[in-house]
Structures are given as structure tokens and as C-alpha cells.
Amino acid sequence: MNRNLIVILIFVILGGGIFAFYLYIKQFTPKYNWVENYKNESDQPYGLKVFYELLESNKKEIHSIKNKFHENLDTTVSHTNYIVVGDYLYIDSLRANHILSFAEKGNTVLIATNFAPLEITRMLLPVSDTIYNYGSYADSIVSVAFDVPNKENYSFHYQYLKDTTTYGWSAYVTTYFNDTLVNYGFKPISWLNNRINCYYFEYGKGKVILHANPILFTNYNLLQKNGFDHINKILSNLNNGAIYWDELSHKPINTFNENGMSTENPMQFLFSHYTLRWGWYLFLFTVFIYLLFRSKREQRIIPLLPKNINSSIEYTKAIGVLYFQKGKHQLIANEMYLLLLASFRNKYHILTTLAETELITQVAAKSGIEKEKIELIFKHFRTVRYSPIANSKDLINLHNAVAFYYKNCN
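Letter 158 of the sequence shown, counting from 1, is numbered 157 in numbering that gives the first Met the number 0, and no numbers are missing.
As C-alpha cells, then:
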């Protein structure tokens, strides 16, 4: 069979297998992603598409802030609104000052985040009071209440897939709010299970509204009657003018460059979607198979290289054995003596031209070996190097003494 035809046939089979695997994976991929994303174009349960369309339906002009925050949020206008909804308000002190300057001109700021917007509140409160008694309240079902115009309660629950599960609702402790934050001009708007859920403070000619549970602004809750009524209560606090919709500040600042443009890697988007992620894995697997077969067919055989052997060590061992077998103990002892003196010089910086007694004293002091042990080494050296009757046993005793020194010296 023609080689090109075989290659085409292999690719057709692989392509069909990949497509079949994709269809198999897709049937297990859930239709909805029950993770909070707070994106105004998302129709997932915890996206903001319904809320954004509700703002558009009020026929208010909407300016989306996607980059260049300080240029796009106009602080010279009045009777307009600034809205940001997300998990956390990622702003620095410069951006916080810009938002407060916007409110000061007679505009309304609505910030709905799970965490207290510290860069805003710490400009009005002592640092300790910005986060004290603000935290998470775990429950599956909660009740949100308004006082004005009359006492109304709205029940909410946290849904994940088919289950109602526990969720960390954010709020201020009421007693702390009333005893401390009220003194700084904070006023409550709504309560969540008797904790402060939404509150505001006046700033210049405008005001800043802080909402502790952005999940109440999402599609799933706004499609419920309670959620729709609740959001209308919140929106009744806004001005009638245009809306500045902030898509920039609910993402970490370090994901944008100096122009406010996103620096997120395209791979992050790919891996955030289940089917795209598996498609990428299949692509890599296909490339691997292709390279495997192509390299097997076309790459020449790589010859095995001989194992590297340290011939110097082998040579030294051979010479040592040769000297030992021929009874040339003096030669071996002389080499050992020279190496030992070299170690004294290199390791302890001792002059080896000193008298033997002085040399032994300095080596014992610096090596931590008992002086008697050092004297014994030199005694063995004298026996083997200078005695005409030195034998193998004497050389072994010398070796053991020197080995003890090397093993135990500092």
C-alpha cells in the first residue's frame, strides 16, 4: 500500500477517534458552571448578565470602564453613578481617592464585594476599625430585611448544582456597627440575619453604598421574585443619571498593564473551560503520537556510548596494590605522608616545615583530634618510612591511624 495513503488513513482514524472522544466527554460536561464569576456577559447562574440588562432596561447611559480607570471615570460630572460588583475590590490608594472624588461631586458609588473595600474605608476609619467585626457567616438560607418604607424580609439560599448548601455570607456585627461605625457617619440600609448587609456613608455632595454580598446581584437570584425585589430596593438609592460600570477593579491589578489592558495568558482562558482543556490534551497527545511514529521511521539509530570510567582511580588502585605486593611499604608511606601534610596546609593553613612537636600541637588544636592520636600517626610514619624491618602489619596500622584522622577531624 502507498505510504502516503497509509499516513492519510492513520490521520483519518485518529481524527475520528478524537471527535468521538470529544462527544463522549461533552455529554458529561455540565451545562451550568456554579462558580461565581461576576461577569456582565455571563449567563451562568452566578454571572451578572441579568443585572446588567436590568440597568440597560432603565434607559440609563452605561459607560463601561475596561481600561484607563482614571480617564474613564469622569470626576467632573454630577448626579451619575459608579457600580462595581465582584468578589474583592482590587484598587490602590490612588484609585480609591479617585472614586471618593467622584462621590464628592454629588455622584453615587455602589460597591458590592464579599470583602470590605479597605482602601475606601481606611480613609474614613482608623485601621483597626476597617476590618474589626466584619466577616463571614456560614448558612444555607438567610433573610435580608429593609426598614424603609416598612419592614420587609426577603429569603435567599445558596444553590450548587441540585443542592442547597452552606455559603459564607459576609456582614458586619450589628452591635459593633451601631456602637462604632455609626459614629463615623455609616448608616444601615439592609440586614442579613440581624447583621449589617448593606450600608452607606455620605461623602461631599454624594454617597458611597457598600453591599457585603455580591451573590445577591447574580442571575440565579435576580430570576427569583425575592431577588428582583431586593435589587430594586438597592437600585432605588442610585441617581437618575448615567452609570459607570467598572469591569476593571474586581480583578487583581497585576493582571492589567499600565493602560488597564488585560495581561492574562490565553492559556488561562483555555484551561478555565472543561471541554477546551480536554481538547488541548488531545491535541498534545496527537502531536506526541505523530512525533513518535515519525521519529521511529526516519531517525537513524543513535549508537550507544561506552560507559565513562574514572581511569585515574583505577590506575591509583593498581599502583597501590603493586607497591604493596612487592613490599615497597616505604614508597606508599611517603606518598601518604605527603598527602597528609598537604591536607594540613590546605585545611588548617599550618606550616608543615615546623618542628614535629610544634606541628603535632597545632594539628591537634585545629583538628579536634587528641594529641596522643596525632603523635601515634607520626610514630607509625617513622616506623614504616625509616625502619628496614617494617612489614605489612606496620603499613596496615599506619593506614588505620590515618583513616581515623580523616574520618574524625574538624
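Ideal placement from N, C-alpha and C gives every residue a C-beta, glycine not left out.
Where Thr352 falls, given that 16 or more other Cβ within 10 Å makes a residue buried: exposed
Going by DSSP, what residue range makes up the beta strand (DSSP E) through Ser366? Unbroken run through Ser366 is the alpha helix (DSSP H), 355 to 366; no beta strand (DSSP E).
Measure the beta-carbon distance from Ile64 to Leu247 and round it to whole angstroms, keeping in mind my assumption that it falls under 8 Å. 5 Å
Sorry if obvious, but does the Cβ on Tyr385 come closer than 7 Å to a heavy atom of the ligand GTP? The ligand GTP is absent from the structure shown, which contains no ligands of any kind.
Find out if the Cβ-Cβ distance for the pair Ile359, Lys370 is shorter than 8 Å. Yes, Cβ-Cβ distance for Ile359 and Lys370 is below 8 Å.
With a threshold of 8 Å, are at least 3 pairs of Cβ atoms found where one atom belongs to the stretch 273 to 290 and the other to the stretch 103 to 116? no
Rounded C-beta distance between Tyr404 and Ile368? I'm assuming under 8 Å. 6 Å
Close Cβ partners of Pro187 (< 6 Å) along its chain, the five nearest in sequence each way excluded: Ile195, Tyr198
Our contact map puts Arg384 next to Ala332 with C-beta atoms below 8 Å; I'd like the distance itself, whole angstroms only. 5 Å
Okay, do the stretch 142 to 159 and the stretch 204 to 219 touch, 3+ Cβ pairs below 8 Å being the bar? yes
Mind checking who Pro387 pairs with in its DSSP beta bridge? Answer is none; Pro387 lacks a bridge partner.
Do you know how far the Cα of Asn220 is from the Cα of Lys38? 15 Å
Compute the Euclidean distance between the alpha carbons of Glu103 and Gly203, then round it to the nearest angstrom. 4 Å
Whole alpha helix (DSSP H) elements within the stretch 38 to 111, 4-residue minimum: 48 to 56, 68 to 71, 92 to 103
Which one of Leu191, Val34, Trp244, Trp33 has the shortest CA to CA distance from Asp73? Trp244
Where the beta strand (DSSP E) containing Tyr183 begins and where it ends: No beta strand (DSSP E) contains Tyr183, which DSSP labels as neither H nor E.
Any idea if Pro302 is buried or exposed, counting beta-carbon neighbours within 10 angstroms, 16 or more meaning buried? exposed
Buried or exposed: Glu70, going by 16 or more other Cβ atoms within 10 Å of its Cβ? Classification of Glu70: exposed, given that the 10 Å Cβ count is below 16.
Alpha carbon to alpha carbon, what distance is there between Trp190 and Met122? 24 Å
With DSSP as the reference, label Trp33 as helix, strand or coil. coil
Please return the same chain residues whose Cβ sits closer than 7 Å to the Cβ of Lys250, not counting the five positions on each side in sequence. Tyr89
On a CA-only basis, which of Ile5, His328, Leu8, Phe20 is nearest Phe282? Give me that one, please. Phe20
Anticipated Cβ contact below 8 Å, Ser142 with Gly167, distance rounded: In this structure Ser142 does not touch Gly167 by the C-beta definition: roughly 16 Å separates them, more than the 8 Å allowed.
Counting only the same chain and skipping the five closest in sequence on each side, list residues whose C-beta sits under 6 Å from that of Asn253. Caution is warranted here: a pLDDT of 49 is assigned to Asn253, below 50, making its placement in the model unreliable, and the coordinate value is therefore given only provisionally. None.
Taking only three categories from DSSP, how would you classify Glu369? Glu369: coil per DSSP, three-state reduction.
Residues near Lys365 by beta carbon distance below 6 Å, same chain, minus five either side: Close CB contacts of Lys365 within its chain, under the 6 Å cut and outside five residues either way in sequence, are with Tyr347 (chain order).
Per DSSP, the bridge partner or partners of Ala137: Gly167
For Gln158, three-class secondary structure by DSSP: strand
Restricting to Cα atoms, I'd like to know which of Asn238, Asp162, Leu180 is closest to Lys59. Asn238
Kindly list the residues whose CB is nearer than 6 Å to the CB of Gln329, restricted to its own chain and excluding five residues on each side of it in sequence; keep chain order. Arg384
Less than 8 Å between the CB atoms is what I'm expecting for Ser77 and Gly105, so what's the real figure, rounded? The distance from the Cβ of Ser77 to that of Gly105 is about 4 Å, consistent with a contact at the 8 Å cut-off.
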